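Participant: By my numbering, the letter at position 471 of the sequence shown is numbered 480, and the numbering carries on one by one without gaps. Ideal Cβ placement from N, Cα and C applies to all residues, glycine included. Keep in mind it's a predicted model, so treat the numbers as computed, not measured.
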Amino acid sequence: MPSSAQRVTPIFLLWILYEAPLPLRETIPVLLSDEDDRLIHLIGLYLFTKGFLLSRTVLENKSECTQIPVMMNTSKGPLGKLSSIDRGCWFPKAFDKAILLVIDALRFDFTIPFNDSVKTGTERAQPFHDVLTVLYETAIQEPGNAMLLPFIADPPTTTLQRLKGLTTGTLPTFIEAGSNFAGSAILEDNIVTQLRDAGKRLVHIGDDTWTKLFPGHFVDHLSQAYDSFLVEDLHTVDDGVTRHLNFLLHAGKDEWDVIFAHFLGVDHVGHRYGPAHPEMNAKLKQMDDVIRGVVDALDDDTLLIVLGDHGMDAHGNHGGETDDEIQAALWMYTRRKHFGHLQNGFNQSAGSIAEMAVPQIDLVPTLSLLLGVPIPFNNLGSPIKGAFIGERGEDWERLIHAALLASGQIDRFQKEYAHIQGTSSINLQAQARVLDTIKQAWTQIDAENRRSSTDFYQMLDEHQRSALHTYKNIWAQFNTTSMLKGVLVLLLAASCLLLRLTFLEGNLRRTSFSILSALKTGILAGTMVGGAHIALVAPNRLLVLDSIIFGTAAGIIASSGHLYDFPGLIRSGGRYRNLSPWNWLAVMFTAMLSFGFASNSYVIWEAKIVLIFLSTFATCTVFASSHRSDTTECIVGTFHSMLFFLLNRIASLSKYCREEQLPFCVTTYDPAGDSFGWRLLVPFATAILVPRITTIAFKSDIRSLNTPQRLWLHKGFPTALLLNALHWALIGAEDDRRTVAMFINRIPRRMVAQCVIAISVIGLALLSFASSSWRSSRLYTSSFYGRYLIFSMSTFLLCLLVSNPMGAGSLTILYFQLLSLRQLLPSKRSYAIKATVAALLGSLHFFSTGHNATLSSIQWKAAYIPFQDLHYPWSPLLVVLNTFAGPIVAASAVPLVVSNDERQSSTNASLTVAKALTVHVLVYNVWALSTAIWASILRRHLMLFAIFCPRFLMAGILLLIVDVIACSTSLITTNCTK
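1) Provide the residue(s) that pair with residue 215 in DSSP beta bridges, ordered along the chain.
2) Would you mind stating whether residue 796 and residue 981 have Cβ atoms separated by less than 9 Å?
3) Any idea what DSSP makes of residue 336, helix, strand or coil?
4) Could you tell me the alpha carbon to alpha carbon distance between residue 502 and residue 563, rounded to whole angstroms?
5) Helix, strand or coil: which one does DSSP assign to residue 106?
6) Residues bridged to residue 367 by DSSP?
7) Give me, in chain order, the residues of the same chain whose beta-carbon lies closer than 8 Å to that of residue 194; leave out the 5 immediate sequence neighbours on both sides.
8) Checking 9 Å against the spacing of the C-beta atoms, do residue 857 and residue 664 come in under that value?
9) Taking only the alpha-carbon atoms, compute the straight-line gap between residue 813 and residue 730 and give it to the nearest angstrom.
10) I'd like to know whether the C-beta atoms of residue 955 and residue 929 end up nearer to each other than 9 Å.
11) Check for me: the beta strand (DSSP E) holding residue 311 runs from which residue to which?
12) In the DSSP output, what is residue 341 paired with across the bridge?
13) Going by DSSP in three states, residue 989 sits in which element: helix, strand or coil?
14) Roughly how many angstroms separate the alpha carbons of residue 610 and residue 322, rounded to a whole number?
15) DSSP three-state label for residue 116, please.
16) Residue range of the alpha helix (DSSP H) that residue 146 falls in?
17) Label residue 941 either buried or exposed according to how many other C-beta atoms from any shown protein chain fall within 10 Å of its C-beta, with 16 as the threshold for buried.
18) Give me the Cβ distance between residue 267 and residue 243, rounded to the nearest whole Å; I'm assuming they're in contact under 8 Å.
19) In the structure shown, what three-state DSSP assignment does residue 373 receive?
20) Taking residue 815 as the reference, which of 890, 660, 507 has the closest Cα?
21) Among 264, 377, 467, which has the Cα closest to the Cα of residue 97?
22) Roughly how many angstroms lie between the CA atoms of residue 276 and residue 462, to the nearest whole one?
23) Can you tell me which of the three DSSP states residue 240 falls into?
24) Which residue spans inside the segment 637 to 669 form an unbroken beta strand (DSSP E) run of at least 3?
25) By how many angstroms is the C-alpha of residue 396 removed from the C-alpha of residue 73?
26) Nearest-angstrom Cα distance between residue 638 and residue 597?
27) Does the separation of the CB atoms of residue 347 and residue 100 fall below 9 Å?
28) So residue 653 and residue 829 are in contact, right, with Cβ under 8 Å, and what is the actual spacing, rounded?
29) Out of curiosity, what's the CA-to-CA distance linking residue 651 and residue 622?
30) Enumerated in chain order, which unbroken segments of the beta strand (DSSP E) with a length of 3 residues or greater are wholly contained in the segment 263 to 308?
31) Quick one: what's got a C-beta closer than 7 Å to residue 416's C-beta in the same chain, skipping five residues either side?
32) For residue 568 versus residue 510, is the C-beta distance shorter than 9 Å?
33) According to DSSP, is residue 111 helix, strand or coil?
34) For residue 921, report the span of its alpha helix (DSSP H) as first-last.
35) Could you check how far apart the C-beta atoms of residue 594 and residue 934 are, in whole angstroms? I think they sit under 8 Å.
36) Please report the straight-line C-alpha distance between residue 261 and residue 230, rounded to a whole angstrom.
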């Protein structure tokens with residue numbers, strides 16, 4: 010039996026179709042199709058990213074101890090005895106036990122002296138200099154016992170992806186960075202599994218990512234995992250790891266074979282304060298003491314390795330591919346003489362450091378052979394020279410043996426990969442020629458001749474590096490068909506939005522609103538396109554889902570075309586020549602920014618370009634205001650134009666420079682220290698100014714609301730702003746140890762943050778209560794926009810909470826700019842330029858809140874503002890709110906920006922909002938489309954994954970976010986009609 014809601018819905022729709030006012034009847038199709046737009050955009054982005062951000066094929070083959078990868082017959086020649094293994098599996102093992110200490114975010118320059126280090130613009134020693142000295146001291150004083158090397162990470166430099174590379178010896182792809190919050194078990198061959206299968210007793214202590222990647226691998230009663238995402242906690246993990254490590258090195262020294270200990274304090278200090286902070290000095294001193302203690306407890310058969318999984322930039326962030334982010338440190342130590350060096354001393358010149366550097370994947374074959382286990386099947390790394398060349402640097406026989414095994418395994422991997430993927434992407438003939446050359450050189454090698462050994466090793470090393478380069482290119486291959494389909498869907502989605510806008514403008518003849526007819530058209534078109542796709546493009550059963558998705562998009566687009574009379578759009582194309590100058594300005598802004606995304610310099614300096622556009626708009630409004638006939642309107646318009654221009658300049662002063670902008674940019678946005686000093690005054694200023702100005706600007710709108718809604722705006726909203734200011738003051742008190750102990754403040758400030766969220770949610774809930782006065786009075790329009798005011802203010806509150814004080818200042822400036830924009834151009838035809846400028850304002854304040862289109866600018870601390878640990882899906886949602894706060898606030902305020910345009914005609918209020926939102930979504934659609942087009946055209950550009958790919962991802966996410974806001978606004982409009 011149908012529910013009451015199911016019975017009411019058809020009646021409500023019939024009332025809409027036949028009894029509602031004409032503007033509302035024209036708007037309802039728009040409201041009903043908002044979810045269709047979101048689905049089309051989602052499909053277009055899915056199809057494009059599926060072809061653009063490919064993940065690599067994972068081979069589940071395992072290396073076996075009995076299957077040695079022999080590239081050639083080693084029974085002849087001076088190195089024939091290499092095939093005879095005395096101890097170990099493929100290679101005579103050098104150590105029975107190992108301790109692997111991972112110091113998260115241990116940058117290489119943290120480990121070398123400042124006075125002798127390569128100067129990179131640093132004029133004086135920083136807190137991280139000359140603190141962790143044990144690594145450098147032992148490498149210099151005991152070169153046969155210790156080896157310190159730059160350890161180069163392959164981007165993305167997120168911890169999860171780095172641990173995968175450090176244990177499998179293979180490369181991540183760009184899209185895998187998105188899984189950093191939720192790791193799953195590694196299924197491919199890896200050194201941890203090889204050690205377990207060899208009977209080694211494995212112990213893990215520290216970062217719980219290891220237990221997620223390798224479940225069931227570690228001895229339970231000895232292992233201890235700690236939550237890795239409590240960024241504000243600098244000491245719990247490190248103190249716990251140190252305590253357990255001391256037990257294992259002394260009382261429990263006979264209960265383990267390999268220890269994996271992962272310290273998090275250095276990384277957490279970087280995220281919270283940045284590297285140039287006294288806390289970093291204290292943390293590195295603690296790590297120095299820990300390492301010295303482990304060294305003292307070592308025996309002769311144990312190998313100690315200390316490494317960083319990645320580095321950090323000047324603000325403590327990581328994820329990208331700058332030198333500071335990819336250059337970690339690797340230190341290997343043993344009690345007995347083992348390591349050799351191919352050069353004398355420790356030269357720290359830039360060229361020498363580059364020569365010394367080793368890729369992180371090289372650790373896998375090195376550690377595997379030293380411990381006597383097979384090299385993992387998917388490994389692409391090479392053995393580290395110093396670990397096999399011998400103390401005197403002359404044991405070429407041993408080094409070549411290790412390199413032969415690594416090359417043989419890579420050759421075996423390549424053949425299997427070519428078998429699975431096909432030979433089109435792998436040139437097997439070229440590989441065969443290289444192997445023939447190596448085999449020929451093998452017959453001529455003289456183990457006693459250093460030169461011939463060096464030349465042969467160089468050939469092996471080049472073979473391995475060539476394979477690595479090959480697969481870097483293979484895993485950057487693109488599915489151009491899928492990318493083309495995605496671009497096509499996004500293009501048609503933009504056309505549908507333009508068609509809807511034309512329909513709402515009344516330029517087309519009115520067609521009967523027949524949902525059934527449009528549905529039939531959509532089903533027919535979707536079935537035909539999906540069927541043709543299956544037959545022509547995707548006969549493989551695995552790709553049937555893509556055919557269904559593509560057919561669905563075609564059906565929705567065809568349905569929209571039928572609903573809005575697509576032929577009429579073609580016939581009315583000439584009418585666009587009569588667009589107003591303001592509309593042409595909106596088109597020009599959107600188009601120029603879209604075409605500019607083809608230039609890497611344009612993307613890098615996008616904030617400057619957006620500022621120029623907004624300043625141009627402000628200048629135009631000054632001239633427009635000066636020509637108004639009414640003196641008061643002229644003065645008011647000029648004032649708001651100048652205020653808009655001034656606020657633009659103030660907002661542009663807050664910036665977070667990306668690496669490519671240096672040295673022509675100076676960072677003024679300080680995410681690490683923005684809770685101190687004068688910045689704490691910003692949230693309090695916001696709490697004082699915003700409620701007062703809101704009351705003045707929307708006085709009539711607030712008066713028309715019902716009592717609970719007015720109470721929320723007059724009492725709840727100001728209270729929440731004060732609580733937000735108190736919340737950031739408490740964070741400042743936490744960081745100032747002279748004020749009050751951290752543990753006293755932590756719980757209260759999270760409760761305060763939760764109160765702010767609760768007040769915001771209450772405001773959103775109040776939107777479901779209808780006003781009783783709008784049906785019978787002219788207050789309809791005021792009540793209509795009053796609801797949008799509550800929605801916008803609730804969203805503004807949430808974004809303020811997750812933005813630090815400098816970010817709150819930027820968002821407050823954005824709010825004042827939106828109010829000024831509301832007073833400019835009070836014409837019912839100005840909605841297009843206002844909606845476009847709102848999108849540009851969102852972009853400007855995306856940058857002024859300390860963000861860029863880079864992974865390293867993501868402010869992860871936002872996930873912990875109301876929580877002590879991670880809570881899904883809320884923690885990622887908070888990060889999204891923080892990252893895109895500017896565009897979110899601007900999009901939610903679009904109905905308010907046009908609220909001055911239709912005060913004389915209450916029946917057109919919903920229609921005006923629908924048109925403005927359509928333009929706003931269309932702008933983001935065009936930007937997403939253009940970034941997709943340029944990313945596909947420039948897919949072989951050197952800066953693709955550093956510049957163009959992140960910008961496309963940003964545009965795609967923003968498009969979906971704006972879609973959600975548009976749908977929410979449509980629900981408010983629908984609620985007002987009940």
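Facilitator: A quick look at the data gives this:
1) 234, 271
2) Yes.
3) strand
4) 10 Å
5) strand
6) 160
7) 221, 222, 223, 224
8) Contact: yes.
9) 13 Å
10) no
11) 311 to 316
12) DSSP lists 156, 314 as partners of residue 341.
13) Here the chain comprises residues numbered 10 to 987, so residue 989 is not present and cannot be evaluated.
14) 21 Å
15) strand
16) 143 to 150
17) buried
18) Contact flag wrong, Cβ pair sits at about 27 Å.
19) Residue state, collapsed to three classes: helix.
20) Looking from the CA of residue 815, the closest CA among 890, 660, 507 belongs to 660.
21) 377
22) C-alpha separation (whole angstroms): 42 Å.
23) coil
24) none
25) 23 Å
26) 28 Å
27) Result no, Cβ atoms of residue 347 and residue 100 do not sit closer than 9 Å.
28) Right, the Cβ-Cβ distance comes to about 4 Å (below 8 Å), so this counts as a contact.
29) 15 Å
30) 267 to 272
31) 80, 469, 472, 473
32) no
33) Note: residue 111 maps to strand in three-state DSSP.
34) Here the alpha helix (DSSP H) through residue 921 covers 918 to 946.
35) With a beta-carbon spacing of about 19 Å, residue 594 and residue 934 fall beyond the 8 Å limit used to define contacts.
36) 11 Å
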